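What follows is one structure encoded as C-alpha cells, with my remarks underneath.
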Amino acid sequence: MRAGLIASLTGHVAICIWALVGLPAVEGFETKPVESLPVDLVPIGEFTQLNKGEKTAELKEKPSESTSKETKNTKAEPDKAPGESKVELPTPPTPRPTNQAVKAPEPTAAPPPAPTPPEPTPPKPEPPKPAETPPPPTPAPEKPKVAEAKPVEEAPKAEPFEPVKVTPKSKPTPPKPVKPTQTAQAQPTKEQDFNPNQISALLNKVDPSGGGSAANKESASLGSKNGNNNVKMTVSELDALRGQISRCWNPPSGAVGAEDLKVRLQFNLNETGEVQGMPKILNSSGNPSFRAASDSAIRAVMRCAPYSLPVDKYDAWKEVIINFDPREMLGG
Amino acid sequence: MNEIAQTTMAAQHGDVSFIGLFLQAHFVVKLVMIGLLASSVWTWAIIVDKTLLYTRTKRQMSRFETVFWSGQSLEELYKTLSNRANHSMAALFVAAMREWKRSHEGARPALHSLQQRIDRVMDVTIQRESERLESQLLVLATVGAAAPFIGLFGTVWGIMTAFQAIAQSENTSLAVVAPGIAEALFATAIGLVAAIPAVIAYNKLQTDAGKLASRMEGFADEFSAILSRQIDERM
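Going down the list, the protein sequences come from chains A and B.
Residue numbering for the first sequence follows the numbering used here, beginning at 25 and increasing consecutively.
Residue numbering for the second sequence follows the numbering used here, beginning at 15 and increasing consecutively.
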C-alpha cells in the first residue's frame with residue numbers, strides 16, 4: 025500500500041508542477057468597449073405623407089418643394105411678383121373700382137372683372153356726395169341705376185385691399201347687404217355714417233383672387249390634389265381603415281374570374297366616421313358576378329359604418345376611395 | 015476609491031492559471047478542491063497498489079501451479095510451504111493439507127467426513143483471499159460515483175459567489191463574469207479528473223479480482239477431487 029501511495033503522490037505532484045510550469049499562462053480577458061449605434065425613431069408619417077401635386081404626374085425622386093408651408097405669412101412680400109415669391113401667398117384681392125354704391129342692388133353691375141377703374145361704367149354720378157346726402161329713399165328697385173355709380177375715390181391699383189381691417193363698425197349692416205335688393209337701398213338713408221367703402225368690404229367676404237400662381241414654378245409632382253401638409257394620413261392609418269372595412273366584407277366566393285371582380289368604391293365620411301350618402305362604384309366589369317361583388321363591397325362599407333379615424337386628419341379621409349380586391353382578401 | 019478597488023479586483027480576476035484559480039476560490043470551493051485532489055491521490059494509490067498485487071498474485075499462482083503439477087510429492091511441498099506466510103493458491107493448498115494431516119493424527123483416522131471439512135476449509139480460504147484482493151476497490155467505486163457531484167457542488171458554490179461579486183460590481187461584461195465562472199468550473203474539472211480513472215480502474219480491477227477468484231476456485235475443485243480419491247482409497 026505504501027508503494028502505491030508514494031507512487032500516486034509523486035505522480036500528482038509531477039502533474040501539478042507540469043501544469044504550473046509547462047502550460048502557457050493564460051492571458052487575462054480583455055473586453056473592448058462596444059460602440060453604440062445611434063438609432064433615431066422616425067414617425068412613418070414623414071415618409072408616407074403626401075405632398076401637394078398632381079395625381080397624374082410622374083413619380084419623382086424628390087417631390088417638388090412644398091408650396092403651402094407658410095400660408096399664414098401673407099404679408100411677407102406682397103410686392104413681389106406672385107410667381108417669384110418663395111412662399112405661396114394668398115393672392116391679393118384684385119384692386120377694383122370702388123363704385124361701392126352699386127353693391128347688391130344690381131347684381132349684373134356688381135361683378136367688377138375689369139381692374140381698370142378709370143372708366144367707371146355708370147353714366148353719371150347724380151348724387152355727388154352720397155355720404156352727406158344719401159339718395160332719397162325711393163324704394164323703386166330700378167333705383168340702383170341712379171344711385172349706383174359713385175366713383176368717389178378711385179382705388180389706386182397698387183394698394184392691396186386688406187379685408188381684415190374693414191370690419192364694419194355699424195352693427196346693422198353685416199347681414200343686410202347680401203340680402204335681397206329691395207332692402208338694400210333703404211339702408212343708406214337711415215345710416216348717418218353711411219360709408220360705401222365699408223359696405224363693399226362686407227360684400228367682399230371672399231377676396232377675389234387674381235391669376236396668381238403657386239410659388240413653385242416646377243411642375244407639380246405626384247401627390248394629393250389639395251395637398252394640405254398639415255394633414256398627414258399615414259399608410260398605417262389608411263391600412264387601419266382598410267382593415268376595419270375588410271372585417272365586415274364577405275367577398276363573393278366561388279365566382280368565376282375573381283380577378284375581374286375588383287371593385288373601386290368612393291364614399292364620403294363625416295367627422296364621426298359615418299358614411300354619408302351611398303358609396304359610388306367607380307369601375308365596371310363585364311363579369312356577371314360584378315354586381316354581386318360591388319353589392320358586397322357597398323354592404324361592407326355601410327355595415328362597419330362608424331369608422332374610428334383620427335379626427336384631426338378629417339381632411340384626409342373625408343373622401344375615401346378603396347379597392348376591394350377579392351384576390352387579396354382570399355389570399356390569392 | 016471604488017475605481018481602484020475595481021481595478022485591483024479585475025487584475026486579481028484576470029489570473030486564470032491553475033494556481034491563480036485555486037487561490038482566488040472561495041473557502042468552501044478550496045475545501046472541495048483539496049478533498050478532490052486528496053481522493054485522486056488515494057485513488058491512484060489504490061490503483062497502483064492493486065495492479066501490483068494482482069500481477070504478483072498471478073505470477074505466484076502460475077509458479078505454484080507449475081510446482082504442484084510437476085509430480086513433486088504433496089508432503090514435501092507442504093513441508094516447504096507450511097512454515098511461511100502464503101497467499102492465494104499456496105494458502106489454499108496449505109489449509110487443505112493441514113486439515114488432511116490433522117485428520118490422520120489420531121490412532122484412527124477420521125475419514126468419514128473429511129471430504130466436507132476440506133471443502134469447507136478451502137471455501138473459507140478462497141473467501142479470505144478474494145476479500146484481500148478486492149479490498150479497497152469500493153473506495154474506487156465511491157470516488158468514481160461521488161467525485162463529479164462534489165466537483166459540481168464546488169462549481170455551484172463558486173458560481174454563486176461569482177454572481178454575488180458581479181452584482182456588487184454592477185458590471186456584466188465578460189471580463190468580470192468569466193474568471194469567476196472559470197474558477198468555479200475548475201472544481202468540476204478536478205472532480206472529473208478524480209472520477210474518471212477511478213471508474214475505469216474499478217471496473218478493470220473488479221474483473222481481474224473475479225478472474226483470480228475463479229482461478230482459485232478451479233484449483234480448489236481439482237485439489238478436492240485428488241484428496242477425495244485418496245480418502246476413498248483409504249476407506
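A virtual CB, placed ideally from N, CA and C, is assigned to each residue, including glycine.
All values reported here derive from a predicted model rather than from experimental measurement.
One Cα belongs to Asp339 (chain A), the other to Gln268 (chain A), and the distance between them is close to 19 Å. Listed by position along chain A, the residues whose Cβ is nearer than 7 Å to that of Ile60 (chain B) are Gly28. Comparing alpha carbon positions, the residue from B:Val190, B:Trp83, B:Thr71, B:Gln38 closest to Phe177 (chain B) is B:Val190. When rounded, the separation of the alpha-carbon atoms in Trp56 (chain B) and Ile195 (chain B) is 28 Å. Its chain contains Glu298, Val299 as the residues whose beta carbon lies nearer than 6 Å to that of Ala329 (chain A), once the 5 sequence neighbours on both sides are disregarded; these appear in chain order.
Three or more Cβ pairs drawn from the stretch 213–231 of chain B and the stretch 139–148 of chain B lie within less than 8 Å of each other, which places the two stretches in contact. Contact annotation, Leu285 (chain A) with Asn311 (chain A): C-beta distance approximately 6 Å; criterion of less than 8 Å satisfied. In this structure the stretch 179–187 of chain B does not touch the stretch 125–143 of chain B; the number of beta carbon pairs closer than 8 Å is below three. Short of 6 Å from the beta carbon of Phe233 (chain B), and not among the five residues preceding or following it, lie these beta carbons of its own chain, in chain order: Met103.
Taking 8 Å as the cut-off, the beta carbon of Val62 (chain B) is found no closer than this to the beta carbon of Ala38 (chain A). Boundaries for Pro303 (chain A): no alpha helix (DSSP H) harbours it, while the beta strand (DSSP E) harbouring it runs 299–305, taken from the DSSP string. In the displayed model, Arg122 (chain B) falls within coil according to three-state DSSP, outside both helix and strand. C-alpha of Ala239 (chain B) to C-alpha of Met249 (chain B): approximately 15 Å in a straight line. Bounds of the alpha helix (DSSP H) holding Arg112 (chain B) are 102–117. Within 9 Å of the CB of Ser32 (chain A), the CB atoms of chain B belong to Ser54, Val55, Trp56, Thr57, Trp58, Ala59, Ile60, Ile61, Val62, Asp63, in sequence order along the chain. Counting along the chain, Leu293 (chain A) sits inside the beta strand (DSSP E) bounded by residues 287–293. The C-beta of Leu289 (chain A) comes no closer than 8 Å to any C-beta of chain B. Identification of chain A residues near Ile33 (chain B) by a Cβ-Cβ cut-off of 7 Å yields Leu44, ordered along the chain. Here Gly165 (chain B) is buried: its Cβ has 16 or more other Cβ atoms, across all protein chains shown, within 10 Å. Contact annotation: in the stretch 64–77 of chain B, residues whose CB is within less than 8 Å of a CB in chain A are Lys64, Leu66. Under the DSSP assignment, Asn185 (chain B) falls outside any beta strand (DSSP E); it carries neither an H nor an E label. Take Val287 (chain A), set aside five residues on each side of it, and the residues of its chain with a beta-carbon closer than 6 Å to its own are Ala317, Ser318, Ala321, Phe348, in chain order.
In terms of CA proximity to Pro350 (chain A), A:Phe314 leads the group A:Glu343, A:Trp341, A:Phe314. Cβ-Cβ separation between His101 (chain B) and Gln141 (chain B): approximately 14 Å, too far for a contact (criterion under 8 Å). Residues of the same chain with a CB within less than 6 Å of the CB of Tyr92 (chain B), apart from the 5 flanking positions on each side, are Met111 in chain order.
Rounded to the nearest whole angstrom, the CA to CA distance from Leu44 (chain A) to Gln38 (chain B) is 16 Å. A distance below 7 Å between beta-carbons, with the five flanking residues on each side excluded, links Val157 (chain B) to the following residues of its chain, in chain order: Ser53, Thr57, Ala208, Ala209, Ala212. Rounded to the nearest angstrom, the Cβ distance from Ile60 (chain B) to Leu154 (chain B) is 6 Å, consistent with a contact under 8 Å.
In the DSSP assignment, Phe348 (chain A) is bridged to A:Val287. The beta-carbon distance between Leu262 (chain A) and Tyr331 (chain A), rounded to whole angstroms, is 11 Å. This is too long to meet the 8 Å contact definition. Check the Cα spacing between Met174 (chain B) and each of B:Phe41, B:Gly34, B:Pro162: the tightest is with B:Phe41. Between Leu95 (chain B) and Phe107 (chain B), the gap from beta carbon to beta carbon is short of 8 Å.
Taking Leu67 (chain B) as the centre and dropping the five residues before and after it, the same chain places the C-beta of Leu147 closer than 8 Å to its C-beta, in chain order.
DSSP places Glu343 (chain A) within a strand segment (E or B) once states are collapsed to three. Annotation for Gln74 (chain B): the continuous alpha helix (DSSP H) segment containing it runs 41–82.
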